[in-house]
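In my numbering, the protein residues as written are 20 to 676. The beta-carbon is built from N, C-alpha and C at its ideal position, and this holds for glycine as well. Since the structure is predicted, the reported quantities are computational estimates derived from the model, not experimental observations. A short write-up of the structure that comes next.
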Amino acid sequence: MLDKNGFKKCIPHCLSRNKNNTANQIHPLPSSAHIENGSINSEHFTPPLVIENNIIHYGKEQRNISELINYAEDFNKIDLETNTTNSVDGRSSEEFNVKGFEGFGWITTGVLIRCILCIFGATLFLRMSWIAGQSGIVFGFGVILLSCIVVLLTAISMSAIATNGEIKNGGCYYLVSRSLGPEYGGAIGLIFYIANTINASMNCVGLAEALRDILKEYDFYLIDGGINDIRIYAIVVCLILQLIIFIGTEFENKTQLLLMVTIVISIFSHSVGTFLPLSKEQIQKGVTGYSLRTFYDNLYPDYRNDISFISTFGVYFPAMTGIMGGANMSGDLKDPSKSIPKGTMWAIAITTFTYAWAMITTAATAVRDSTGFDAPEYDEFGHFIPPLCRLNNTCPYGLANDMQLMKLQSIWPPLIIVGIFATTLSSASGCLIGAPRVFQALCADKLYPGISYFAKGQGKNNDPFRAYILTWTIASAVILIGDLNVIAEVITNFFLAAFALTNFACFDATSAKSPGFRPGFKYYNSWLSLLGSVLCVTIMFVLSWIISLATFIIFALLFLFIKHNKSHINWGTSTEANRYRKALSGLIKVSRQTAHVKTYRPQLLVLTGNLIARQALVDFSNSITKGTNLLVCGHVIPAFKNRLLTAKSNNFLVSFE
20 MLDKNGFKKC
30 IPHCLSRNKN
40 NTANQIHPLP
50 SSAHIENGSI
60 NSEHFTPPLV
70 IENNIIHYGK
80 EQRNISELIN
90 YAEDFNKIDL
100 ETNTTNSVDG
110 RSSEEFNVKG
120 FEGFGWITTG
130 VLIRCILCIF
140 GATLFLRMSW
150 IAGQSGIVFG
160 FGVILLSCIV
170 VLLTAISMSA
180 IATNGEIKNG
190 GCYYLVSRSL
200 GPEYGGAIGL
210 IFYIANTINA
220 SMNCVGLAEA
230 LRDILKEYDF
240 YLIDGGINDI
250 RIYAIVVCLI
260 LQLIIFIGTE
270 FENKTQLLLM
280 VTIVISIFSH
290 SVGTFLPLSK
300 EQIQKGVTGY
310 SLRTFYDNLY
320 PDYRNDISFI
330 STFGVYFPAM
340 TGIMGGANMS
350 GDLKDPSKSI
360 PKGTMWAIAI
370 TTFTYAWAMI
380 TTAATAVRDS
390 TGFDAPEYDE
400 FGHFIPPLCR
410 LNNTCPYGLA
420 NDMQLMKLQS
430 IWPPLIIVGI
440 FATTLSSASG
450 CLIGAPRVFQ
460 ALCADKLYPG
470 ISYFAKGQGK
480 NNDPFRAYIL
490 TWTIASAVIL
500 IGDLNVIAEV
510 ITNFFLAAFA
520 LTNFACFDAT
530 SAKSPGFRPG
540 FKYYNSWLSL
550 LGSVLCVTIM
560 FVLSWIISLA
570 TFIIFALLFL
580 FIKHNKSHIN
590 WGTSTEANRY
600 RKALSGLIKV
610 SRQTAHVKTY
620 RPQLLVLTGN
630 LIARQALVDF
640 SNSITKGTNL
650 LVCGHVIPAF
660 KNRLLTAKSN
670 NFLVSFE
């Protein structure tokens, strides 16, 4: 955009000189973090002071560039005219300009506690003993270690992207879309939203399953004591959580802290309980206390009922997908670039240790199978003798059968029940509050038709109430499946797809060698990011090639749809940087290559002058090149040569050598 004197209303890399004709300093462009809504934020950037010097403007008249100083006060109104959307991130300032809200920190109400609560789900108290019974201690640690490697590599890549400039609302979707482009981000954003929604359903089903088992002990049945009871309980729990979230995120944060304290007390109750003397009931149900004999018997796997290492991994891994819980709240954080890496890394370390501790304390203190009537028996060599019910897998108790084993070992069993409720409620609420915010950001970018209705938020926190209702509806529909293991298998592939794209985004941004990619988080490596991406895709197909293939087909269709409809969006992605880098590299290689008659291509320099006046000449030239050869149109503009000004300009440039 030009002003009335012909000056462009933006200032590039500027040089300033003082009145003694000596070089002052070079003022760089403002960083991307200081550019908001297509304008330069004057709070963070002071434009250079340009002192008198004369220049030729288009070879016709002289201008005094000191006039540019008049624009210093209006820098925040500069229109860069480089984007077709309303703002740098593609969303209107009216929708996301939340006033009076400072944001959450990284510990209590921010990333750390939220990530921990999202990771501590139904798996902690309901499935770790089962994993120990099926996989044994060695392969059980293998399941935990493999999951830890996947999420740690993803967290490193996420931290690198999160510390490269300003992070806004949208979590994983925002990170991928602003790194790889709207096609990748829009496709994986929708999948990630659905995965988080289904994860909420899984945790509600886990809580309902525990509640049904507890009530069955008292002969209470809502309908049939089976899957229908689970469905009703889970839908009611999901509705209660959604009503709490409707009250507001600040109230929800207070409940999160209460749930965190409850979980810590429950874990402590089980840990201490494993050291206490055993009761008759515990002995009859297969609990032995800490014993090297029990530890050795449970050291190696004993898979049954078509269970395998991959099956146990598929059940455990959804628990670790909560690492994105803090990033999903990126728009509500005070300093997301610092909070996300720090909080996520600490959350992974704490939760991985806790899961490993839960597995080892159960595997070292209970046998795999028990009738519930007789104490475990051993042969003369000290090896455990399985009961007869093991032959047809009808044993009701033991590591491999009793999902309530941790409750049996606790100081006070009701504490574990409360812990089960707390972990499932916290993880489910984290998904129910995080998923709508991801979807809100996706809707605000208008990548898909007809969904902008869900982008509108309300209140000082810009809460997406419309997206809340949609998320609860989808979650309730998934709850009708009623099987925890089936739901876990589906969301595992969806989360792995999101993690694969996050890792690939970091690798692609690094390999593009763009000067705009300068993460503040330095502990990342592009090849580790690529390894994480390949590992995620490999595990997807090993778990279930059918679900993985369906996931990739959905992703491909969404990708092609956005690519066809939203090609005008420009977010300065690594895809564009790689395209430029490849084009430049190709030109350099061609320039060094000896021409051959077989590869000859005409390259025309056509002195067309004014293109509008000689359109026929341009059409004729294009008929030769046909769009597959180089065509350069030249227009020579004669200008009066001012020798004095030329000499002054040359001296000006020499002074910087």
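Stretch-stretch touch, CB-based, cutoff 8 Å, three pairs: the stretch 426–438 with the stretch 283–299: With the cut-off at 8 Å, the stretch 426–438 and the stretch 283–299 touch.
With Ile588 and Pro320 assumed to form a contact (beta carbons below 8 Å), what rounded beta-carbon distance in angstroms separates them? For the purposes of this step, residue 588 is taken as residue 569 along the sequence shown, with counting starting at 1. For the purposes of this step, residue 320 is taken as residue 301 along the sequence shown, with counting starting at 1. Contact doesn't hold; Cβ gap of about 50 Å is too wide.
Is the beta carbon of Ile367 closer than 8 Å to that of Ala174? For this step, residue 174 is matched to residue 155 along the sequence shown. For this step, residue 367 is matched to residue 348 along the sequence shown. Going by C-beta atoms, Ala174 is nearer than 8 Å to Ile367.
For Arg598, tell me which candidate among Ala528, Pro468, Gly628 has the shortest Cα-Cα distance. For the purposes of this step, residue 598 is taken as the residue at position 579 of the sequence shown. Ranking Ala528, Pro468, Gly628 by Cα distance to Arg598 puts Ala528 first.
For Thr331, count neighbouring C-beta atoms within 10 Å of its own C-beta (all shown protein chains included) and say buried if the count is 16 or more, exposed if not. Counting from 1 along the sequence shown, the entry for residue 331 is found at position 312. It is buried - the Cβ of Thr331 has at least 16 other Cβ atoms within 10 Å.
In whole angstroms, give me the CA-to-CA distance for Ile242 and Ala383. Taking the first residue of the sequence shown as position 1, residue 242 is located at position 223. Taking the first residue of the sequence shown as position 1, residue 383 is located at position 364. Answer to the nearest angstrom: the Cα atoms are 38 Å apart.
Our contact map puts Ala441 next to Leu278 with C-beta atoms below 8 Å; I'd like the distance itself, whole angstroms only. Here residue 441 refers to the residue found at position 422 of the sequence shown. Here residue 278 refers to the residue found at position 259 of the sequence shown. Their Cβ separation, rounded to whole angstroms, is 5 Å, which keeps Ala441 and Leu278 in contact under 8 Å.
Those runs of the beta strand (DSSP E) which lie wholly inside the stretch 388–462 and span at least 3 residues: none
Put Phe94 into one of helix, strand or coil per three-state DSSP. Along the sequence shown, read from residue 1 onward, the residue named residue 94 stands at position 75. At Phe94, the pLDDT of 38 sits below 50, so the modelled position is not reliable; the number obtained from the coordinates is stated separately. Three-state DSSP puts Phe94 in a helix.
Measure the alpha-carbon distance for Leu664 versus Ala658 and round it to whole angstroms. For the purposes of this step, residue 664 is identified with residue 645 of the sequence shown, where counting begins at 1. For the purposes of this step, residue 658 is identified with residue 639 of the sequence shown, where counting begins at 1. One C-alpha to the other measures close to 13 Å.
Just the C-alpha distance for Phe513 and Phe574, rounded to the nearest angstrom, thanks. Your numbering for residue 513 matches position 494 in the sequence shown. Your numbering for residue 574 matches position 555 in the sequence shown. Their backbone Cα atoms lie some 10 Å apart in a straight line.
7 Å Cβ shell around Gly395 - same chain, five flanking residues per side excluded: Translated into the one-based positions of the sequence shown, residue 395 becomes position 376. Sequence inspection shows Pro at residue 395; the Gly mentioned does not correspond to that position. Correct list, in chain order: Gly305, Thr307, Val386, Ser389, Phe403.
Can you tell me which of Asn188, Ser176, Cys137, Ile263 puts its alpha carbon nearest to the alpha carbon of Ala474? Indexing the sequence shown from 1 puts residue 474 at position 455. If we check each option's Cα against that of Ala474, Asn188 comes out closest.
Please state if the CB of Ala229 and the CB of Ile510 are separated by a distance shorter than 8 Å. Walking along the sequence shown from the start, residue 510 turns up at place 491. Walking along the sequence shown from the start, residue 229 turns up at place 210. Not in contact: Ile510 and Ala229 (Cβ atoms no closer than 8 Å).
Per DSSP, which residues does Asp482 bridge with? Please list them. As a position in the sequence shown, residue 482 is number 463, starting the count at 1. BP columns for Asp482 point to Gln477.
Would you report the Cα separation of Thr570 and Ala632, rounded to the nearest angstrom? As a first step, residue 570 is located in the sequence shown; it is residue number 551 there, counting from the start. As a first step, residue 632 is located in the sequence shown; it is residue number 613 there, counting from the start. Distance between the alpha carbons of Thr570 and Ala632 is about 54 Å.
Got a sec? Which residues, its chain only, sit under 7 Å from Gly628 by beta carbon, not counting five neighbours each side? Taking the sequence shown and counting its residues from 1, one reaches residue 628 at position 609. So the list reads His654, once near-sequence residues are dropped.
Which of helix, strand or coil does DSSP assign to Tyr244? Residue 244 sits at position 225 when you count from the first residue of the sequence shown. This sequence places Gly at residue 244; Tyr is not what is there. Gly244: coil per DSSP, three-state reduction.
What did DSSP end up calling Leu297 once you bin it into helix, strand or coil? What you label residue 297 is simply residue 278 of the sequence shown in a count that begins at 1. Note: Leu297 maps to coil in three-state DSSP.
Neighbour-count burial assignment, Gln81, 16 or more Cβ in a 10 Å radius: As a first step, residue 81 must be located in the sequence shown, where it is residue number 62. Reliability fails at Gln81, whose pLDDT of 38 lies under 50, so the model's placement of it is uncertain and no value is given.
Mind pulling the beta strand (DSSP E) runs of 3 or more residues that sit fully within the stretch 149–183? none
Quick one: grab the DSSP three-state call for Ala385. As a first step, residue 385 must be located in the sequence shown, where it is residue number 366. Correct three-state label for Ala385: strand.
When we look at the beta-carbon of Val157 and count the other beta-carbons within 10 Å, is it buried (16 or more) or exposed? Within the sequence shown, the letter at position 138 stands for residue 157. Per the 10 Å Cβ criterion, exposed.
Which residue's Cα is closest to the Cα of Tyr252: Lys582, Leu499, Leu131? The residue given as residue 252 occupies position 233 in the sequence shown. Residue Leu499 is the option with its Cα nearest to Tyr252.
Do you know how far the Cα of Ile259 is from the Cα of Met343? As a first step, residue 343 must be located in the sequence shown, where it is residue number 324. As a first step, residue 259 must be located in the sequence shown, where it is residue number 240. If you take the alpha carbons of Met343 and Ile259, they lie about 23 Å apart.
Between which residues of its own chain and Asn222 is the CB-CB distance below 6 Å, once the five residues before and five after are set aside? Here residue 222 refers to the residue found at position 203 of the sequence shown. The beta carbon of Asn222 sits closer than 6 Å to those of Gly140, Ala141, Thr443, Ser446, Ala447, all from its chain and outside the five residues before and after it, given in chain order.
At which residues does the beta strand (DSSP E) containing Val651 begin and terminate? Taking the first residue of the sequence shown as 1, we reach residue 651 at position 632. Taken as a continuous stretch (DSSP letters only), the beta strand (DSSP E) holding Val651 covers 650–653.
Would you mind sorting Leu606 into buried or exposed? The rule is 16 or more other CB atoms within 10 Å of its CB. Against the sequence shown, residue 606 aligns to sequence position 587. Leu606 is classed as exposed because its beta carbon has fewer than 16 other beta carbons within 10 Å across all chains shown.
Using DSSP bridges, identify the partner residues of Tyr625. The sequence position of residue 625 within the sequence shown is 606, counting from 1. In the sequence as displayed, the identity of residue 625 is Val instead of Tyr. Paired residue(s): Cys652.
By Cβ distance below 7 Å, which residues in the same chain neighbour Gly155 in space, the five residues on each side in sequence not counted? Position 136 of the sequence shown holds residue 155. Excluding sequence neighbours, Gly155 sits near Asn317, Leu318, Tyr319, Pro320, Asp321.
Of the residues Arg409, Ile284, Gly204, which one's Cα is nearest the Cα of Ile436? Sequence index remark: in the sequence shown, residue 436 carries index 417 (1-based). Residue Ile284 is the option with its Cα nearest to Ile436.
Per-residue DSSP class, three states only, for Arg537: Within the sequence shown, numbered from 1, the residue matching residue 537 stands at position 518. If DSSP states are grouped into helix, strand and coil, Arg537 belongs with coil.
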